[in-house]
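Protein chains: 2
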Amino acid sequence: MSDDRVHATETSIRVLEGIVELDGEAGITELATHLSVAKSTIFKHLNTLERKGMVVRHGDRYRIGLRTLEFGGYAQRYEGIYDTAHPEVRQLADESGELANLMFEELGKGVYVYTAEGDKAVDINTQTGRRDFLHSTGIGKAILATFPKERVKEIIETHGLPRATEHTITDEDELFDELATIREDGIAYDHEESTLGMACIARPLSTPTERHAAISITGPVSRVMDEEKEQEIRTLLDRAGNVIELNLTG
Amino acid sequence: MSDDRVHATETSIRVLEGIVELDGEAGITELATHLSVAKSTIFKHLNTLERKGMVVRHGDRYRIGLRTLEFGGYAQRYEGIYDTAHPEVRQLADESGELANLMFEELGKGVYVYTAEGDKAVDINTQTGRRDFLHSTGIGKAILATFPKERVKEIIETHGLPRATEHTITDEDELFDELATIREDGIAYDHEESTLGMACIARPLSTPTERHAAISITGPVSRVMDEEKEQEIRTLLDRAGNVIELNLTG
DNA sequence: TCCGCCGTTTCGCTCTGGCGAACAGCCCAC
DNA sequence: GTGGGCTGTTCGCCAGAGCGAAACGGCGGA
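So the sequence lines, in the order shown, correspond to chains A and B. Taking the working numbering, I'd label the letters of the first sequence as residues 51 to 300. Taking the working numbering, I'd label the letters of the second sequence as residues 51 to 300.
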């Protein structure tokens with residue numbers, strides 16, 4: 051590992067990040083002050099990014115361009131898991147009526163790689179590509195449970211255990227206890243740990259690749275945690291998980 | 051328009067493009083020869099891109115990272131059209147059983163921003179984020195029909211009218227005639243113009259934003275072009291289009 | 001064991017990315 | 001109208017960074 055890096059590329063990416071941080075839309079001066087970089091610098095970067103479609107301008111405002119979506123599509127597709135898993139996740143959404151998710155780990159955080167809405171699903175902004183901490187969601191904890199203790203410690207070191215709600219697990223020991231339970235049980239729960247009022251039941255996927263992944267169903271506590279419904283969801287997750295794992299090894 | 055540009059950023063993006071061109075996965079030397087750039091240069095760029103999650107390495111192979119998917123999500127979301135249109139497109143897929151698409155124009159090409167599969171849908175690789183020429187697909191022609199003639203000429207100048215199949219329209223005058231028909235009719239057809247055996251019926255969306263868009267249903271010629279089914283699809287597209295346009299202006 | 005391929009590192013030279021300041025266009029207040 | 005303050009845009013300079021060529025090291029196949 052060396053510190054050979056291309057500084058200009060980093061600034062360009064910071065420009066993209068800046069646009070996101072400024073609610074997806076920004077002007078040149080706005081970005082310059084937000085990132086503490088000279089206006090003229092931002093100008094040049096936006097110019098090149100626009101030329102490549104990574105950014106698009108509406109008048110004098112810049113937004114993230116659809117070109118990024120193209121690259122995103124490749125990122126999805128070239129993980130074999132996606133192809134076999136996404137129809138199952140969609141079916142999960144149809145059968146449960148709730149929100150179904152597929153998450154991959156990357157750089158110690160969780161990325162929603164596919165999300166499907168059932169007919170009763172709440173309109174929470176869980177959208178494709180979103181990144182989330184692993185410790186504060188059920189689906190994230192399911193992924194963490196598939197990692198060796200060392201790796202989990204590494205992740206905690208880099209990202210910490212920030213609190214999302216009053217129920218978020220922020221204590222390291224408590225987290226390790228929880229992960230042990232998940233490993234035994236094969237299922238992870240999330241009781242309002244990432245969003246108040248929302249619960250989530252998740253199942254890790256054991257994959258032949260280096261990519262760690264999990265699937266989950268999310269919904270309002272009242273619906274998802276109802277004893278009968280909970281059993282039904284566990285069954286659905288298990289079936290889907292088995293199908294995916296079977297197709298992957300097959 | 052000036053030629054102020056950040057060369058290093060362009061190389062970084064070319065690296066991403068290179069990975070895609072090499073079927074989504076590449077090594078350093080491979081990329082260096084493919085892009086005619088020094089190995090050490092590629093090395094540095096990949097290092098930087100990896101640190102930012104734009105690229106991910108499995109052993110000594112590099113792939114597009116999921117970080118791009120995150121940016122892609124923002125690109126989708128910050129077009130108001132997406133939020134109101136994507137549930138309708140999903141419903142189109144469910145009702146027709148075929149493939150339903152939502153396309154936006156960007157930089158003179160068409161981007162599939164949302165795609166949904168019905169239960170009989172063929173597994174063609176029309177995936178989210180894919181870019182296509184506008185002249186050689188039904189949904190693309192629907193978008194072209196919403197542009198003034200000048201803009202269409204510009205697009206032809208930059209991208210040409212490359213042939214995809216023997217049925218692709220490659221003559222400029224013929225294309226303009228076709229676009230006139232589409233404007234009158236409100237519906238665009240694609241008879242094996244982009245893929246042999248496949249047909250597509252599309253409807254332009256008139257939006258209050260600068261983004262030009264269209265929706266379509268795609269399937270095998272035998273199914274989609276059946277007279278009865280064709281009428282059904284036209285009705286479905288019209289209903290969905292009206293709902294979307296109503297929600298956008300409302 | 002050697003050869004060849006690949007990723008990694010080193011090392012200069014050149015060029016360019018980044019800055020600050022000046023310029024230009026727009027809109028609003030007055 | 002007209003001036004001030006906000007944009008985006010351009011100019012020119014200089015340290016430093018991007019890039020290439022070549023050398024290094026590690027792995028695997030012949």
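We treat Cβ as the ideally placed atom computed from N, Cα and C, and that holds for glycine. No experiment lies behind these values; they were computed from the predicted model shown.
For glutamate 155 (chain B), the number of other beta carbons within 10 angstroms of its own is at least 16, and it is reported as buried. Nearest in C-alpha terms to valine 87 (chain B), of all of B:Glu100, B:Asp73, B:Arg64, is B:Arg64.
Within the stretch 172-230 of chain B, the runs of alpha helix (DSSP H) that reach at least 4 residues and sit entirely inside it are, in chain order, 188-194, 199-209. The straight-line gap separating the alpha-carbon atoms of glutamate 120 (chain A) and threonine 178 (chain B) is approximately 7 Å. Isoleucine 267 (chain A) has A:Ala150, A:Ile251 as its beta-bridge partners, per DSSP. With a contact defined as Cβ atoms closer than 8 Å, leucine 194 (chain B) and alanine 171 (chain B) miss out at about 25 Å. Closest option to glutamate 167 (chain B), judged by alpha-carbon separation, among B:Leu142, B:Met153, B:Gly160, B:Leu184: B:Leu142. Take the alpha-carbon of threonine 257 (chain A) and the one of tyrosine 128 (chain A): they are about 14 Å apart.
For glycine 77 (chain A), the CB contacts under 8 Å within the same chain, skipping 5 residues up- and downstream, are Asp110, Arg111, Tyr112 in chain order.
Per the coordinates, the alpha-carbon of lysine 279 (chain B) lies some 41 Å from the alpha-carbon of leucine 255 (chain A). Less than 7 Å separates the beta-carbon of alanine 192 (chain A) from that of alanine 238 (chain A). By the neighbour-count criterion, in which a residue is buried when 16 or more other Cβ atoms sit within 10 angstroms of its Cβ, threonine 83 (chain A) is exposed. Distance from tyrosine 164 (chain B) to tyrosine 132 (chain B) at the Cβ level is roughly 7 Å; contact confirmed, criterion being Cβ atoms closer than 8 Å. When DSSP reads this structure, threonine 165 (chain B) sits in a beta bridge with B:Asn151. Taking a C-beta distance under 7 Å as the contact criterion, lysine 159 (chain A) and arginine 181 (chain A) qualify as a contact pair. Among the residues facing chain A, phenylalanine 121 (chain B) is included, as its CB has a counterpart in that chain under 7 Å away. Valine 106 (chain B) carries a strand assignment under DSSP once its states are collapsed to helix, strand and coil. Assignment of tyrosine 128 (chain A) by DSSP, reduced to helix, strand and coil, places it in the coil class. Closest option to aspartate 221 (chain B), judged by alpha-carbon separation, among B:Glu207, B:Leu96, B:Arg233: B:Glu207.
Within the stretch 253-270 of chain A, Glu260 place their CB atoms closer than 7 Å to a CB of chain B, listed in sequence order. Within the same chain, Gly188, Ile189, Ala192, Ala238, Ala264, Ser266 come within 6 Å of alanine 252 (chain B) by CB-CB distance, once the 5 residues on both sides are set aside. Chain-order list of chain B residues neighbouring phenylalanine 154 (chain A): Leu116, by C-beta distance under 7 Å.
In its chain, beyond the 5 residues on either side, Lys89 have a beta carbon closer than 7 Å to the beta carbon of threonine 79 (chain A). Between glutamate 243 (chain A) and histidine 217 (chain A), the C-beta spacing is below 7 Å. Distance between aspartate 276 (chain A) and leucine 225 (chain B), taken at the CA atoms: about 59 Å. Residue-level contact check: alanine 125 (chain A) touches chain B, since one or more beta carbons of chain B fall below 7 Å from its beta carbon.
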